[in-house]
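Engineer: Here our numbering is used: the first residue of the sequence shown is 1, the next is one more, and so on. We treat Cβ as the ideally placed atom computed from N, Cα and C, and that holds for glycine. Have a look at this one before I ask anything.
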Amino acid sequence: MPSRRQSIADDLRRQIATGRLKAGERLPSEAQLAADYKVSTPTLRNALALLQGEGLVEKVHGSGNFVRHPRRRTTYTGGRPSAWTTPSAPLKSTAHARHLRARDPLTTILNVAPGTSLTEIVCITHEDRSPHSLSRIYIPRDLMPIGLPTPAEIAGHLTELRPPLAEVRETACSRLPTQEEATALRISTSLAVLSITRVAIDTTGRVVEAALLVYPGDRADALFITSHPTEERASKP
1 MPSRRQSIAD DLRRQIATGR LKAGERLPSE AQLAADYKVS TPTLRNALAL
51 LQGEGLVEKV HGSGNFVRHP RRRTTYTGGR PSAWTTPSAP LKSTAHARHL
101 RARDPLTTIL NVAPGTSLTE IVCITHEDRS PHSLSRIYIP RDLMPIGLPT
151 PAEIAGHLTE LRPPLAEVRE TACSRLPTQE EATALRISTS LAVLSITRVA
201 IDTTGRVVEA ALLVYPGDRA DALFITSHPT EERASKP
């Protein structure tokens, strides 16, 4: 038998799916919902947390709980930030940079000594006014292009390096966001994110870029393609 919080979440989820509760609509107050469902406020909040974790409800501090508008889903195909594909207009982005000294875990990711001078670029993409993704890109300062490039411009810069790139390693996982990430992306700490660590290495073995990418799980997919040689290709010299 489902718990009370699950039953409440199921009922609200059904109202959202049928359009009784519409995108952008403010839900009744937590006190009112608790009274309607004849449960305590903590139980009601636990039910709402389930919907927040699914990306169906968004809590705006000071304003209440709202039915979320469906988020655009993007597909990460690997290799570079510009590999995100979308069915509609490009997302807008804001970025800022700062210089810092490497320390763990960056020393391990970039394979540099503690105190090495790095440039950090923090980029947040937006769909309308809602944050859509968060990227932290780290580049050894001596390789940093002039100005404040976009992630796509950084990718282009890396392809022109001499010595050239040899490989790009990517590690992907699903996890809960940190409080800092949840705040930046305006999501619940119970909503899983797609976390990708991308490391670019040149032909000398030097790490020339490390990117820590975070995408809320309700709007991101990862696509991995493995090509196998056909019998015809395999028979060619």
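Which complete alpha helix (DSSP H) runs does the region 157 to 234 hold, if anything under 4 residues is left out?
Structural biologist: Entirely contained in the region 157 to 234, the alpha helix (DSSP H) runs reaching 4 residues are, in chain order, 179 to 185.
Engineer: Give, in chain order, every unbroken run of the alpha helix (DSSP H) that is at least 4 residues long and sits entirely within the region 103 to 152.
Structural biologist: Fully enclosed alpha helix (DSSP H) runs of 4 or longer: 106 to 110.
Engineer: For Gly53, which of helix, strand or coil comes out of DSSP?
Structural biologist: Position 53 of the sequence shown, counted from the first residue, corresponds to residue 53. Helix, per DSSP.
Engineer: Where does Arg26 sit, in a helix, a strand or coil, going by DSSP?
Structural biologist: The count along the sequence shown starts at 1 and reaches residue 26 at position 26. Three-state result, Arg26: strand.
Engineer: What is the residue span of the beta strand (DSSP E) that Leu100 lies within?
Structural biologist: Walking along the sequence shown from the start, residue 100 turns up at place 100. Run containing Leu100: 92 to 101, per the beta strand (DSSP E) assignment.
Engineer: Would you kindly report the start and end of the unbroken alpha helix (DSSP H) that includes Thr18?
Structural biologist: Within the sequence shown, numbered from 1, the residue matching residue 18 stands at position 18. Run containing Thr18: 4 to 18, per the alpha helix (DSSP H) assignment.
Engineer: For a quick check, are the C-beta atoms of Leu213 and Ser93 less than 8 angstroms apart?
Structural biologist: As a working note, residue 213 is residue 213 in the sequence shown. As a working note, residue 93 is residue 93 in the sequence shown. Going by C-beta atoms, Leu213 is not nearer than 8 angstroms to Ser93.
Engineer: Going straight from the alpha carbon of Ala210 to that of Asn65, what length do you get?
Structural biologist: Counting from one through the sequence shown, the residue named residue 210 turns up at place 210. Counting from one through the sequence shown, the residue named residue 65 turns up at place 65. Roughly 37 angstroms between the two C-alpha positions.
Engineer: Under a three-way DSSP split, which group does Asp36 fall into?
Structural biologist: Residue 36 sits at position 36 when you count from the first residue of the sequence shown. Correct three-state label for Asp36: helix.
Engineer: Looking at C-alpha atoms only, which residue of Lys22, Leu21, Gly55, Asp128 is the closest neighbour of Leu191?
Structural biologist: The residue you call residue 191 lines up with position 191 of the sequence shown. It is Gly55 whose Cα lies nearest to the Cα of Leu191.
Engineer: Would His132 be called buried (16 or more neighbouring beta carbons within 10 Å of its own) or exposed?
Structural biologist: Counting from one through the sequence shown, the residue named residue 132 turns up at place 132. Buried, because 16 or more other Cβ atoms sit within 10 Å of the Cβ of His132.
Engineer: Report buried or exposed for Cys123, applying the criterion of at least 16 other Cβ atoms within 10 angstroms of its Cβ.
Structural biologist: Numbered from its first residue, the sequence shown carries residue 123 at position 123. Label assigned to Cys123: buried.
Engineer: Are the beta-carbon atoms belonging to Val207 and Leu143 less than 8 angstroms from one another?
Structural biologist: As a working note, residue 207 is residue 207 in the sequence shown. As a working note, residue 143 is residue 143 in the sequence shown. Against a cut-off of 8 angstroms, the Cβ pair of Leu143 and Val207 comes out as no contact.
Engineer: Going by C-alpha to C-alpha distance, which of Pro28, Ile16, Pro151, Pro70 sits closest to Ala220?
Structural biologist: For the purposes of this step, residue 220 is identified with residue 220 of the sequence shown, where counting begins at 1. Checked all of Pro28, Ile16, Pro151, Pro70; the closest Cα to Ala220 is Pro70.
Engineer: Along the chain, where does the beta strand (DSSP E) containing Asn64 start, and where does it finish?
Structural biologist: By one-based count along the sequence shown, residue 64 stands at place 64. The residue asked about is misnamed: residue 64 is Gly in this sequence, not Asn. Unbroken beta strand (DSSP E) run through Gly64: 64 to 67.
Engineer: Just the Cα atoms here: how many angstroms apart are Asp10 and Thr125?
Structural biologist: By 1-based counting over the sequence shown, the position of residue 10 is 10. By 1-based counting over the sequence shown, the position of residue 125 is 125. Spanning the two alpha carbons is a distance of roughly 32 angstroms.
Engineer: Apart from the five residues on each side of it in sequence, which residues of its chain come closer than 6 angstroms, Cβ to Cβ, to Ala83?
Structural biologist: For the purposes of this step, residue 83 is identified with residue 83 of the sequence shown, where counting begins at 1. With a pLDDT of 44 at Ala83, under the threshold of 50, the modelled position of that residue is not reliable, and no figure is offered here.
Engineer: Which class does Thr74 belong to by DSSP, given the choice of helix, strand or coil?
Structural biologist: For this step, residue 74 is matched to residue 74 along the sequence shown. Strand at Thr74.
Engineer: When you compare only the Cα positions, how much space is there between Asp218 and Lys22?
Structural biologist: By 1-based counting over the sequence shown, the position of residue 218 is 218. By 1-based counting over the sequence shown, the position of residue 22 is 22. Looking at the two C-alpha atoms, the distance is approximately 18 angstroms.
Engineer: Can you check which of these residues, Lys38, Leu194, Gly24, Gln32, is closest to Ser7 by C-alpha distance?
Structural biologist: In the sequence shown, counting from the first residue as 1, residue 7 sits at position 7. Considering only alpha carbons, the answer is Lys38.
Engineer: Pairs of beta-carbons, one from the region 191 to 206 and one from the region 152 to 170, closer than 8 angstroms: are there three or more?
Structural biologist: Touching, yes.
Engineer: Exposed or buried, which one is Thr74 when buried takes at least 16 other CB atoms within 10 Å?
Structural biologist: Stepping through the sequence shown from its first residue, residue 74 is reached at position 74. With 16 or more other Cβ atoms within 10 Å, it is buried.
Engineer: When you compare the CB positions of Leu51 and Val57, do they come within less than 8 angstroms of one another, or not?
Structural biologist: As a first step, residue 51 is located in the sequence shown; it is residue number 51 there, counting from the start. As a first step, residue 57 is located in the sequence shown; it is residue number 57 there, counting from the start. Yes; because the gap between Cβ atoms is below 8 angstroms, this pair is in contact.
Engineer: How would you label Ile225, buried or exposed, when you count the other beta carbons within 10 angstroms and need 16 or more for buried?
Structural biologist: Your numbering for residue 225 matches position 225 in the sequence shown. It is exposed - the Cβ of Ile225 has fewer than 16 other Cβ atoms within 10 Å.
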